[in-house]
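**Q**
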Amino acid sequence: ALVVAFALGLAGNALLVWSPATGHGYTMPGGLMSYSTLKVLAVEAWWTAPITGIGLGTFHDVTAQAVKHGRLPAGWEATDPHSTWTGRLAETGALGFAALLALWLAVLGLIRRPGPDVSLHRAVSAGVLALLVASINVDVMHFRFLWVGLAMLRGVSEG
């Protein structure tokens, strides 16, 4: 069920980011901030340096330029990407994105190997998978409880 939720979240975000109906993610009715705009900016930034990215912590330069050119409202000059995936892609390129993907594939491997306490394993797995779904619209890699959850998952998994 969580895999389906993740897939639907990705599909919904893809429609927001690339749909002509939303002005390619740039329209903000009433000046409201749109996460899809940040995703578009992140993908565009990634295209400028696809292998290594634009550099850790430099996405604020992208949003400052977007404000200057009217793509984001004033006050959003130092906005984070609000997505684990597009943010990492923009700032660290394909190499960093591959490392992030490898980490999450290893996590999914742990989820597939429950230890002796199956109930605890399921509970911890559900929490970690929920964070994976949330990672579409927030950078979960900064959440301390994610790392505690990953440590717990390792502890309750077989092997």
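If you count the sequence shown from 1, position 81 lands on 1109 in my numbering, and the numbers rise without skipping. For glycine and all other residues, C-beta sits at the position ideal for the given N, C-alpha and C.
(1) Please state whether DSSP places S1185 in a helix, a strand or coil.
(2) Find the nearest neighbour of L1133 within the set A1151, D1145 and L1178, judged by alpha-carbon distance.
(3) Alpha helix (DSSP H) containing L1084: first to last residue?
(4) Kindly list the residues whose CB is nearer than 7 Å to the CB of V1168, restricted to its own chain and excluding five residues on each side of it in sequence; keep chain order.
(5) How many whole angstroms separate the CB atoms of L1117 and T1091, which I take to be in contact at a CB cut-off of 8 Å?
(6) Given this structure, state the Cα-to-Cα distance separating W1075 from G1081, to the nearest angstrom.
(7) Measure the C-alpha to C-alpha separation of L1181 and Q1093 and round it to an integer number of angstroms.
(8) Out of I1079, T1065, V1166 and E1072, which one is the CA nearest neighbour of A1127?
(9) Out of curiosity, what's the CA-to-CA distance linking R1150 and N1165?
(10) Taking the beta carbon of K1096 as the centre, do at least 16 other beta carbons fall within 10 Å, making it buried, or is it exposed?
(11) Closest to R1140 by C-alpha separation, out of F1087, F1125, L1157 and S1064, would be which residue?
(12) Considering Cα atoms alone, identify which of G1115, V1146, L1100 and G1103 is closest to A1073.
(13) Excluding five sequence neighbours on each side, which residues of the same chain lie with their C-beta closer than 6 Å to the C-beta of H1088?
(14) Would S1153 be called buried (16 or more neighbouring beta carbons within 10 Å of its own) or exposed?
(15) Under 6 Å Cβ to Cβ from L1066, same chain only, skipping five residues before and after it: list those, please.
**A** With the given structure in hand:
(1) strand
(2) L1178
(3) Segment: none, L1084 is in no alpha helix (DSSP H) and carries neither H nor E.
(4) Within the same chain, T1112, L1159, A1162 and L1174 come within 7 Å of V1168 by CB-CB distance, once the 5 residues on both sides are set aside.
(5) Not really, about 16 Å apart at Cβ, beyond 8 Å.
(6) Rounded to whole angstroms, W1075 to G1081 spans 8 Å at the Cα level.
(7) 41 Å
(8) When each option's Cα is compared against that of A1127, the closest is I1079.
(9) R1150 and N1165 have their C-alpha atoms spaced approximately 24 Å apart.
(10) Taking all protein chains shown into account, K1096 has fewer than 16 neighbouring C-beta atoms within 10 Å of its C-beta and is therefore exposed.
(11) L1157
(12) When only C-alpha atoms are compared, the closest one is G1115.
(13) Apart from the 5 residues on each side of it in sequence, H1088 sits with its Cβ closer than 6 Å to the Cβ of A1106 in its chain, given in chain order.
(14) buried
(15) P1109 and H1110
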